[in-house]
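Enquirer:
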Amino acid sequence: MNWKRSFYAAAVFALATSPTYAQISDGVIKIGVMNDQSGTYADLAGPGSVVAARMAVEDFGAAKKGMKVEVVVADHQNKPEVGSSIARQWYDVDKVDAIVDVPTSSVALAVNQITREKNKVLIVSTGATVDLTGKSCSPNTIHWTYDTWSLANGTGNAVVKNGGDSWFFLTADYAFGHSLEQQTEAVVLKNGGKVMGKVRHPFPSSDMSSFLLQAQTSKAKIIGLANAGADTINAIKQGAEFGIVKSGQQFAGLLVFLTDVHSLGLNVAQGLLLTESFYWDLNDQTRAFSKRFAKLHKGAMPTMGQVGVYSGVLHYLKAIEALKSDQGDKVVAKMKELPTDDAVFGKGWVRQDGRKIHNMYLFEVKKPAESKGAWDYYKLRGTIPAEQAFRPEKEGGCSLVK
Amino acid sequence: MTQATQQAAAGIAEREREQKQHRIAFVLMAAFFAFGPALIYPVFLMKVMCFALFACAFNLLLGFVGLLSFGHAMFLGMGGYVAAHTAKVWGLTPELAILCGAAVSGVLGLVSGLIAIRRQGIYFAMITLALAQMVYFFCVQAPFTGGEDGIQAVPRGKLFGLIDLSNQLAMYVMVAVIFFSGFLLIYRIIHSPFGQVLKAIRENETRAISLGYDINRYKLLAYVISATLSGVAGATNALVFQLAALNSVHWTMSGEVVLMTLLGGLGTVFGPVVGALVLLAMENYLAQLGAWVTIAQGVIFVICVLTFRRGIVGELMAFFKHWSR
Numbered sequence: 494m495n496w497k498r499s500f501y502a503a504a505v506f507a508l509a510t511s512p513t514y515a516q517i518s519d520g521v522i523k524i525g526v527m528n529d530q531s532g533t534y535a536d537l538a539g540p541g542s543v544v545a546a547r548m549a550v551e552d553f554g555a556a557k558k559g560m561k562v563e564v565v566v567a568d569h570q571n572k573p574e575v576g577s578s579i580a581r582q583w584y585d586v587d588k589v590d591a592i593v594d595v596p597t598s599s600v601a602l603a604v605n606q607i608t609r610e611k612n613k614v615l616i617v618s619t620g621a622t623v624d625l626t627g628k629s630c631s632p633n634t635i636h637w638t639y640d641t642w643s644l645a646n647g648t649g650n651a652v653v654k655n656g657g658d659s660w661f662f663l664t665a666d667y668a669f670g671h672s673l674e675q676q677t678e679a680v681v682l683k684n685g686g687k688v689m690g691k692v693r694h695p696f697p698s699s700d701m702s703s704f705l706l707q708a709q710t711s712k713a714k715i716i717g718l719a720n721a722g723a724d725t726i727n728a729i730k731q732g733a734e735f736g737i738v739k740s741g742q743q744f745a746g747l748l749v750f751l752t753d754v755h756s757l758g759l760n761v762a763q764g765l766l767l768t769e770s771f772y773w774d775l776n777d778q779t780r781a782f783s784k785r786f787a788k789l790h791k792g793a794m795p796t797m798g799q800v801g802v803y804s805g806v807l808h809y810l811k812a813i814e815a816l817k818s819d820q821g822d823k824v825v826a827k828m829k830e831l832p833t834d835d836a837v838f839g840k841g842w843v844r845q846d847g848r849k850i851h852n853m854y855l856f857e858v859k860k861p862a863e864s865k866g867a868w869d870y871y872k873l874r875g876t877i878p879a880e881q882a883f884r885p886e887k888e889g890g891c892s893l894v895k
Numbered sequence: 488m489t490q491a492t493q494q495a496a497a498g499i500a501e502r503e504r505e506q507k508q509h510r511i512a513f514v515l516m517a518a519f520f521a522f523g524p525a526l527i528y529p530v531f532l533m534k535v536m537c538f539a540l541f542a543c544a545f546n547l548l549l550g551f552v553g554l555l556s557f558g559h560a561m562f563l564g565m566g567g568y569v570a571a572h573t574a575k576v577w578g579l580t581p582e583l584a585i586l587c588g589a590a591v592s593g594v595l596g597l598v599s600g601l602i603a604i605r606r607q608g609i610y611f612a613m614i615t616l617a618l619a620q621m622v623y624f625f626c627v628q629a630p631f632t633g634g635e636d637g638i639q640a641v642p643r644g645k646l647f648g649l650i651d652l653s654n655q656l657a658m659y660v661m662v663a664v665i666f667f668s669g670f671l672l673i674y675r676i677i678h679s680p681f682g683q684v685l686k687a688i689r690e691n692e693t694r695a696i697s698l699g700y701d702i703n704r705y706k707l708l709a710y711v712i713s714a715t716l717s718g719v720a721g722a723t724n725a726l727v728f729q730l731a732a733l734n735s736v737h738w739t740m741s742g743e744v745v746l747m748t749l750l751g752g753l754g755t756v757f758g759p760v761v762g763a764l765v766l767l768a769m770e771n772y773l774a775q776l777g778a779w780v781t782i783a784q785g786v787i788f789v790i791c792v793l794t795f796r797r798g799i800v801g802e803l804m805a806f807f808k809h810w811s812r
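Residue numbers (the numbering used here), protein chains in the order written: chain F, 494 to 895; chain C, 488 to 812.
Structure, rendered in structure tokens:
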């Protein structure tokens, strides 16, 4: 029953501790990957994020530089209490220095709070809530990969510019769905598009047929799915049965990921528009990285959440190397100071409010005939430049922004 | 001696032995929670105590009145939300926040109890489940609960405005005091004349009616007490973790408390405490098994159900009874 010992079973990298890193508490940098290992988000983050974190440690060359870096793993089961007690135990007992990944907004916000209290480092990759760089922003947290604002904005913007100027919203009837809808609607209107109507479905909902029929009769070009997870999947599946895409309308997913498309299959998902910050087939660097990743992860290509873990851990280690200390707030300050550069997101930077900035991309899911093989799912429809991809710093209401 | 007096004497002897067993078990339990923090992570033990109180309150209803509620998560969750909200937004001290949580859960228990106790068996379970689902949807929608994100960063505050609960030890002692008070209250209720009537209702409802008891009043009172204590457990839990979130009102939580009670021993005094400890330990210490958590849990449940149907404590008690003869 020894919690500590069982975590040592997780990988240990590098051996020697050099005197240069005397500032590092207990001589070891411990990175905890906390996510959903078995539930809804296991494909999206799960074990793949652990693979990504280990790749980052290896690529950083911790062993050669004489730094001792360890990666530990835990499953928060999407329960904030479980996540919160793991985080406390990691910081208090197991001397973990940084936690990464953390999908599920409620868990991410809970860990955000504890990390600040204990002055450690939190790098959120799969967690989506934009509050992490808004009213809940913290000097100890960086939001790395994407957030709901960037997805809504990216999809709204790019779709309207590509000619999808009339929208109908299918919205999950709770706070998250409402805010996703509002954010997207604002962008659509700003770009000269119009909203033909919207309908709110109960959360969660397994039967979308009546809502889909309303969407169909609205004759809007784009049906915006302001929901997530199983609701989105259900809407797309049932939409395929109604022949919505074949009759000329298009779905725009506001929170859909590569692994969702993978499980839906191209037959059902074809024509879906979505925004992501990463796709394995973007350029030579991402292809090379993804092939290495796939070898270590049962042939599956990485999702943006998983590469975010890679990119975040790499930058975290670089900051420690430059600072020669692992004190939470100082490391995060250093991470904001240093520009980021890696194989997956290219060049970027971290804003004062803790928002990591890079390009976002609008993709369309390929037709089955266009796909050349496994994981060949997306075609690039547009690039949202880094400067416009995320919520402007001033609008977030983060107390760190002066 | 007549047969009747012999039986009475045997009954008294039996009760004395039971009381002795309970005393030993209580001392063991108190020792575990007193010295546990030296070996086990205190926050985990605090969680165990909160859920043990929740399971004990649930057991009062299922084990001693025979009412299977499938909606107890609504009391745990509402207690937690109300305590978190009053502590964070209204700035109440922790003891008042917990009282508010308990009061709201109690009122919720009264309202839902008035509706639910009119039916028995599966119908009772379904009504409680339906009401709990309504509470769940309320919590998803209501602005003060924060929807998906829950209420975060709840301050632990100062107990009576004096003792700073951000101190781990102070918090631990407070949770322990609440748990033991709740536990002893339930123990007292079970062994009071009121508790005797509850057990009579469990054994044979028709006979209890024919003896002149207004069974609906007894059932309702037991239901409200159970709801209030669940609210206390939820409120304390919210302060321990400094958050209140949707999963504590979700129906799976109602299922979890049934499992805790069954695993530990239905209708035994200490069973729910052991059940809560075992279930939470699995949830916590198996966390790094990843996908294997649910499979491991499933296997353990199957083994429990097949090999010790009376639950861990029920089986132990039967063993001692057999052994002492």
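We put the beta carbon where it would ideally sit given N, CA and C, even for glycine.
Remember, it's a predicted structure, so these values are computed and weren't measured experimentally.
(1) Skipping 5 residues on each side, what residues in its chain have a beta carbon closer than 7 Å to that of residue 629/F?
(2) Got a sec? Which residues, its chain only, sit under 7 Å from residue 627/F by beta carbon, not counting five neighbours each side?
(3) Could you give the uninterrupted runs of the alpha helix (DSSP H) lying entirely in the region 721 to 800 of chain C, keeping only those of 4 residues or more?
(4) Going along the chain, which residues of its own chain have a beta-carbon closer than 6 Å to the beta-carbon of residue 687/F, five neighbours each way excluded?
(5) My output table needs one value for residue 636/F: the three-state DSSP class, helix, strand or coil.
(6) What residue range does the beta strand (DSSP E) around residue 689/F cover?
(7) Reducing DSSP to helix, strand and coil, say where residue 721/F ends up.
(8) Measure the Cβ-Cβ separation of residue 550/F and residue 524/F and say whether it is below 9 Å.
(9) Please check the pair residue 730/C and residue 571/C, which I expect to be a contact at CB under 8 Å, by giving their CB distance rounded to whole angstroms.
(10) Taking the CB atoms as reference points, tell me whether residue 813/F and residue 829/F lie closer together than 9 Å.
(11) Specify the secondary structure class of residue 701/F as computed by DSSP and reduced to three states.
(12) At a cut of 8 Å, does the region 585 to 596 of chain C reach the region 713 to 732 of chain C through at least three beta carbon pairs?
(13) List the DSSP bridge partners of residue 773/F.
(14) Please list, in chain order, all residues of the same chain as residue 558/C whose beta carbon is under 6 Å from its beta carbon, the five residues on each side excluded.
(15) Determine which residues of the region 522 to 554 of chain C have a Cβ less than 7 Å from any Cβ of chain F, and write them out in chain order.
(16) Return helix, strand or coil for residue 609/F, following the three-state DSSP convention.
(17) Along the region 570 to 585 of chain F, what residues have a CB closer than 9 Å to any CB found in chain C?
(18) Taking residue 621/C as the reference, give the member of 525/C, 635/C, 507/C and 599/C with the closest Cα.
(19) Evaluate residue 683/C with the Cβ neighbour count: other Cβ atoms within 10 Å of its Cβ, from every protein chain shown; 16 or more gives buried, anything less gives exposed.
(20) Determine the DSSP secondary structure at residue 615/F, reduced to helix, strand or coil.
(21) Distance cutoff 9 Å, beta carbons only. Does residue 634/F sit that close to anything in chain C?
(22) Quick check on DSSP: helix, strand or coil for residue 868/F?
(23) Looking at C-beta atoms only, is the number of pairs between the region 753 to 768 of chain F and the region 802 to 820 of chain F that lie closer than 8 Å three or more?
(24) From the beta carbon of residue 695/F, is the nearest beta carbon of chain C less than 9 Å away?
(25) When the Cβ atoms of the region 508 to 527 of chain C are set against those of the region 642 to 657 of chain F, are three or more pairs found closer than 8 Å?
(26) Run through DSSP, which three-state label would residue 839/F get?
(27) Pull up the distance between the alpha-carbon of residue 801/F and that of residue 545/F, whole angstroms please.
(28) Between the C-alpha atoms of residue 671/F and residue 662/F, what's the straight-line distance to the nearest angstrom?
(29) So with Cβ pairs under 9 Å, would you call residue 622/F a contact of chain C?
(30) Apart from the five residues on each side of it in sequence, which residues of its chain come closer than 7 Å, Cβ to Cβ, to residue 560/C?
(31) Roughly how many whole angstroms lie between the Cα atoms of residue 744/F and residue 759/F?
(32) On the CB-based measure, 16 or more other CB atoms within 10 Å of its CB, does residue 514/F come out buried or exposed?
(33) Check for me: the beta strand (DSSP E) holding residue 576/C runs from which residue to which?
(34) Rounded to the nearest angstrom, what separates residue 763/F and residue 738/F at their Cα positions?
(35) Would you grab the beta carbon distance between residue 752/C and residue 799/C for me? Rounded to a whole angstrom, and I think it's under 8 Å.
(36) Measure the CB-CB distance between residue 530/C and residue 581/F and report whether it falls below 9 Å.
Expert: Checking against the coordinates, here is how it stands:
(1) Residue 629/F sits at position 136 when you count from the first residue of the first sequence. 602 and 605, listed in sequence order.
(2) On the first sequence, position 134 is the one that residue 627/F refers to. Cβ neighbours of residue 627/F beyond the five flanking positions: 889, 890 and 891.
(3) Listed in chain order, they are 738 to 751, 758 to 772 and 779 to 794.
(4) Here residue 687/F refers to the residue found at position 194 of the first sequence. Excluding residues within five positions, the ones whose Cβ falls inside 6 Å are 659.
(5) Here residue 636/F refers to the residue found at position 143 when the first sequence is read from its first residue. Here residue 636/F sits in strand by DSSP.
(6) The residue you call residue 689/F lines up with position 196 of the first sequence. Unbroken beta strand (DSSP E) run through residue 689/F: 687 to 694.
(7) For the purposes of this step, residue 721/F is taken as the residue at position 228 of the first sequence. Looking at residue 721/F - three-state DSSP - the assignment turns out to be coil, as it is neither helix nor strand.
(8) Reading the first sequence from its first residue, position 57 is the one you call residue 550/F. Reading the first sequence from its first residue, position 31 is the one you call residue 524/F. Their beta carbons are under 9 Å apart, which means residue 550/F touches residue 524/F by this criterion.
(9) In the second sequence, counting from the first residue as 1, residue 730/C sits at position 243. In the second sequence, counting from the first residue as 1, residue 571/C sits at position 84. So it is a contact: roughly 7 Å between Cβ atoms.
(10) By 1-based counting over the first sequence, the position of residue 813/F is 320. By 1-based counting over the first sequence, the position of residue 829/F is 336. For the pair residue 813/F and residue 829/F, the CB atoms are not nearer than the 9 Å cut-off.
(11) For the purposes of this step, residue 701/F is taken as the residue at position 208 of the first sequence. In this structure, residue 701/F counts as coil in the three-state DSSP scheme.
(12) Three or more pairs of CB atoms, one per stretch, sit closer than 8 Å, so the region 585 to 596 of chain C contacts the region 713 to 732 of chain C.
(13) The residue given as residue 773/F occupies position 280 in the first sequence. Residue 773/F is not bridged by DSSP to any residue.
(14) As a position in the second sequence, residue 558/C is number 71, starting the count at 1. Taking residue 558/C as the centre and dropping the five residues before and after it, the same chain places the C-beta of 615, 616, 618, 619 and 741 closer than 6 Å to its C-beta, in chain order.
(15) The region 522 to 554 of chain C vs chain F, Cβ under 7 Å: 528, 530, 531 and 534.
(16) Working through the first sequence from its first residue, we reach residue 609/F at position 116. Of the three classes helix, strand and coil, the one that applies to residue 609/F here is helix, per DSSP.
(17) Taking 9 Å as the Cβ-Cβ cut-off against chain C, the residues of the region 570 to 585 of chain F that qualify are 570, 571, 572, 573, 574, 575, 577, 578, 579, 581, 582 and 585.
(18) For the purposes of this step, residue 621/C is taken as the residue at position 134 of the second sequence. The shortest C-alpha separation from residue 621/C is found at 599/C.
(19) Reading the second sequence from its first residue, position 196 is the one you call residue 683/C. Exposed, because fewer than 16 other Cβ atoms sit within 10 Å of the Cβ of residue 683/C.
(20) Reading the first sequence from its first residue, position 122 is the one you call residue 615/F. In the structure shown, residue 615/F adopts extended strand secondary structure according to DSSP, grouped into three states.
(21) The residue you call residue 634/F lines up with position 141 of the first sequence. No, residue 634/F lies away from the interface with chain C (no Cβ there is under 9 Å from its Cβ).
(22) Locating residue 868/F in the first sequence gives position 375, counting from the first residue. Coil.
(23) Touching, no.
(24) In the first sequence, residue 695/F corresponds to position 202, counting from 1. Under the Cβ criterion of 9 Å, residue 695/F is counted among the residues facing chain C.
(25) Verdict: no, contact absent.
(26) For this step, residue 839/F is matched to residue 346 along the first sequence. In the structure shown, residue 839/F sits in a strand (DSSP, three-state: E or B).
(27) Locating residue 801/F in the first sequence gives position 308, where the first residue counts as 1. Locating residue 545/F in the first sequence gives position 52, where the first residue counts as 1. Distance between residue 801/F and residue 545/F, taken at the CA atoms: about 8 Å.
(28) Taking the first sequence and counting its residues from 1, one reaches residue 671/F at position 178. Taking the first sequence and counting its residues from 1, one reaches residue 662/F at position 169. So the two alpha carbons sit approximately 10 Å from each other.
(29) In the first sequence, counting from the first residue as 1, residue 622/F sits at position 129. It does: the Cβ of residue 622/F has a partner Cβ on chain C nearer than 9 Å.
(30) Indexing the second sequence from 1 puts residue 560/C at position 73. Cβ neighbours of residue 560/C beyond the five flanking positions: 619, 735, 736, 737, 738, 740 and 741.
(31) Here residue 744/F corresponds to residue number 251 of the first sequence, with the count starting at 1. Here residue 759/F corresponds to residue number 266 of the first sequence, with the count starting at 1. If you take the alpha carbons of residue 744/F and residue 759/F, they lie about 14 Å apart.
(32) Working through the first sequence from its first residue, we reach residue 514/F at position 21. At residue 514/F, the pLDDT of 47 sits below 50, so the modelled position is not reliable; the number obtained from the coordinates is stated separately. Label assigned to residue 514/F: buried.
(33) By 1-based counting over the second sequence, the position of residue 576/C is 89. Taken as a continuous stretch (DSSP letters only), residue 576/C belongs to no beta strand (DSSP E), as it is neither H nor E.
(34) For this step, residue 763/F is matched to residue 270 along the first sequence. For this step, residue 738/F is matched to residue 245 along the first sequence. Counting only the Cα atoms, residue 738/F lies some 8 Å from residue 763/F.
(35) For the purposes of this step, residue 752/C is taken as residue 265 along the second sequence, with counting starting at 1. For the purposes of this step, residue 799/C is taken as residue 312 along the second sequence, with counting starting at 1. Confirmed, about 6 Å.
(36) Counted from its first residue, the second sequence places residue 530/C at position 43. Counted from its first residue, the first sequence places residue 581/F at position 88. Taking 9 Å as the cut-off, the beta carbon of residue 530/C is found closer than this to the beta carbon of residue 581/F.
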